[in-house]
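Just so we're aligned, residue 4 is where the sequence shown starts under our numbering, counting upward by one. For reference, the structure discussed in these notes is given below.
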Amino acid sequence: MYQRFVSLALVALLIGSAAGSAAAASPAGTNQQASASAYAGAHVSFDVAENAVTDYAVENATVFQSVAVQSQSKAASGGVLSGSLSSAVRIDAAGLALGSTTRTSATVRADSGATIRAHDNGHGILTVSSGSESQVVVANLSNDASASAEDDGQVAVTAGDGTEGTFLVVGDGTVSVNEQGNVTATLDENATLVFRSYPDGKSESDDHQERLIANGTAAGEAYVMTQGGESVTDSVNYTSDFTVTATQSAENEVTVTADHAESRGKVVITSVTERAVGTLSDVRVAVDGNAAAKATTYGELTDAIGSDRSRYMVRETSSASASASADVLIAFNHFSERQATLSGGNESTDSTTASDSTTSTTASDSTASTTASDSTTAGDGSETTQTNSPGFGVLAALVAFAGVALARRRRA
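As structure tokens, this is what we get:
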């Protein structure tokens with residue numbers, strides 16, 4: 004009888020170990036799926052055809068049917084740019100290939116030297132960076148979408164479900180609406196075409212942020228979000244000489260690291276949830292360990308650039324208790340590499356989350372169970388892999404039960 008019990012216990016132990024290994028081999032709670040020619044995230048999805056990004060959707064609303072790019076030199080030789088930009092309808096587009104993907108972003112490389120990046124955040128940001136060669140871009144809207152050129156040189160887009168979006172250019176270039184109602188852009192070297200969407204509607208604060216991005220004052224964005232019950236990050240860099248990353252560095256604390264090749268200050272737009280920083284109304288910012296001053300207007304915020312003190316401003320974007328979030332704009336007064344810490348009041352005492360900023364490791368403890376998750380961070384600050392090892396409590400109980408039985412048999 005004893006040998007039979009031990010055999011059953013060992014079988015159960017092996018099954019539990021195998022289950023734990025299988026669970027550890029696959030990411031848990033991830034919404035992102037990528038194939039050789041498609042990407043589907045929590046907010047953004049699209050396909051990659053031979054020479055166009057197709058069916059680009061934000062929150063399940065298709066905004067444009069295709070985005071194609073070609074170098075201006077080849078487009079000119081094909082006669083595309085012989086007239087005005089508004090007459091450009093189609094181009095002999097460069098070949099595309101889906102490159103690296105993370106949980107919150109995907110990169111598409113073009114034979115023309117351009118780079119297309121999709122960011123799986125609430126704004127569904129898409130960027131087309133020209134690189135070292137001038138480019139022309141054509142974005143064909145979905146059948147139920149419309150576009151209109153605005154006085155500030157931007158293009159406003161409205162999808163069939165009412166989702167609003169904006170195309171703008173960072174650096175030297177232009178964006179316009181062509182004769183068929185689609186969007187065309189020309190980009191000089193090291194310029195970027197940016198698409199930013201607003202599924203929940205566009206606010207006056209969004210207009211201010213777009214202007215900061217377009218004129219180069221805001222050089223990047225960092226997002227700390229919750230997907231599948233876990234904290235993930237995304238970074239958007241609008242110029243090649245600027246980088247920004249974000250990490251969950253402690254409970255109710257986010258660390259933003261920004262690096263600029265020039266000394267002039269820049270603004271970073273940081274989107275955080277209440278889960279990441281605690282009570283949003285109590286958010287405070289310190290830059291390199293020194294408290295930043297709080298600004299109440301965008302004018303006060305940008306006045307920090309070149310001054311003796313960095314500033315920050317908080318704009319709540321969602322007040323729903325389950326997904327409360329805010330934009331925290333940080334104006335770094337000068338550069339090279341700077342580090343800002345965002346922290347707020349305690350949101351909840353039910354759980355403790357701690358992340359090491361070097362290894363991007365998150366550990367969550369609760370009374371009923373303990374789960375450890377390890378994640379690596381890609382260069383853009385997005386978590387890319389996760390490993391969960393459940394079932395250790397059950398296995399420990401089986402081992403203890405077997406030990407008690409063995410001790411009793413020996414005493415007998």
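Every residue, glycine too, gets a C-beta built ideally from N, C-alpha and C.
- The residues G281, T282 and D285, in chain order, have a CB closer than 6 Å to that of G348 in the same chain once the five nearest residues on each side in sequence are set aside.
- V235 and G125 have their alpha carbons spaced roughly 13 Å apart.
- Apart from the 5 residues on each side of it in sequence, E167 sits with its Cβ closer than 6 Å to the Cβ of T161, Y201 and K205 in its chain, given in chain order.
- Here N218 is exposed. Its C-beta has fewer than 16 other C-beta atoms within 10 Å.
- Y59 and V331 have their alpha carbons spaced roughly 28 Å apart.
- With fewer than 16 other Cβ atoms from the protein chains shown falling within 10 Å of its own Cβ, S149 counts as exposed.
- For a cut-off of 8 Å, the C-beta gap from V275 to F335 is around 17 Å, too long to register as a contact.
- For D123 against H46, the beta-carbon gap comes to about 5 Å, under 8 Å, which counts as contact.
- A Cβ-Cβ distance of about 14 Å is found for the pair I94 and V56, leaving them out of contact under the 8 Å criterion.
- Residues of the same chain with a CB within less than 6 Å of the CB of V317, apart from the 5 flanking positions on each side, are V286, A329 and V331 in chain order.
- Cβ-Cβ separation between V72 and S145: approximately 19 Å, too far for a contact (criterion under 8 Å).
- Distances from the alpha-carbon of S208 to those of G232, E319, N181 and R341 put E319 closest.
- Just so you know, the alpha carbons of S238 and S76 end up roughly 31 Å apart.
- In terms of Cα proximity to N255, the closest of A52, V288 and A64 is V288.
- Pairing T177 with E213 gives a Cβ-Cβ distance that is not under 8 Å.
- Short of 6 Å from the beta carbon of F245, and not among the five residues preceding or following it, lie these beta carbons of its own chain, in chain order: A222, G223 and H263.
- Sequence-distant partners of A307 (beyond 5 residues in either direction) whose C-beta falls short of 6 Å from its own C-beta, in its chain, are S313, R314, A334 and N336.
- It is roughly 24 Å from the alpha-carbon of A52 to the alpha-carbon of E182.
- The continuous alpha helix (DSSP H) containing G302 extends over residues Y301 to T305.
- Annotation: the segment 217-257 contains the following complete segments of the beta strand (DSSP E) (minimum length 3 residues), in chain order: 221-230, 233-240 and 245-253.
- In the DSSP assignment, L215 forms no beta bridge with any residue.
- Separation of the CB atoms of V131 and V158 is rounded to 13 Å, and the pair is thereby denied contact status at 8 Å.
- About 25 Å separates the beta carbons of A225 and A188, which is beyond the 8 Å limit, so they are not a contact pair.
- Here the alpha carbons of D114 and S103 stand approximately 16 Å from one another.
- Counting C-beta atoms within 10 angstroms of its own C-beta, T299 has fewer than 16 neighbours from the protein chains shown and is therefore classed as exposed.
- When Q68, S69, N240 and T107 are compared, the shortest CA-CA separation from Y42 is found for T107.
- Counting along the chain, E319 sits inside the beta strand (DSSP E) bounded by residues R314 to S321.
- A152 is positioned such that its CB atom lies no closer than 8 Å to that of D175.
- Cβ atoms of G232 and F338 stay farther apart than 8 Å, at about 36 Å.
- A343 and N293 have their C-alpha atoms some 9 Å from each other.
- One alpha carbon belongs to A64, the other to D147, and they sit about 10 Å apart.
- When the Cα atoms are used, S133 and V173 turn out to be separated by approximately 11 Å.
- Per DSSP, the unbroken alpha helix (DSSP H) holding Q75 starts and ends at Q75 to S80.
- Counting the other CB atoms within 10 Å of its CB gives G44 a total of 16 or more, which places it among the buried residues.
- Secondary structure of S135 (DSSP, three-state): coil.
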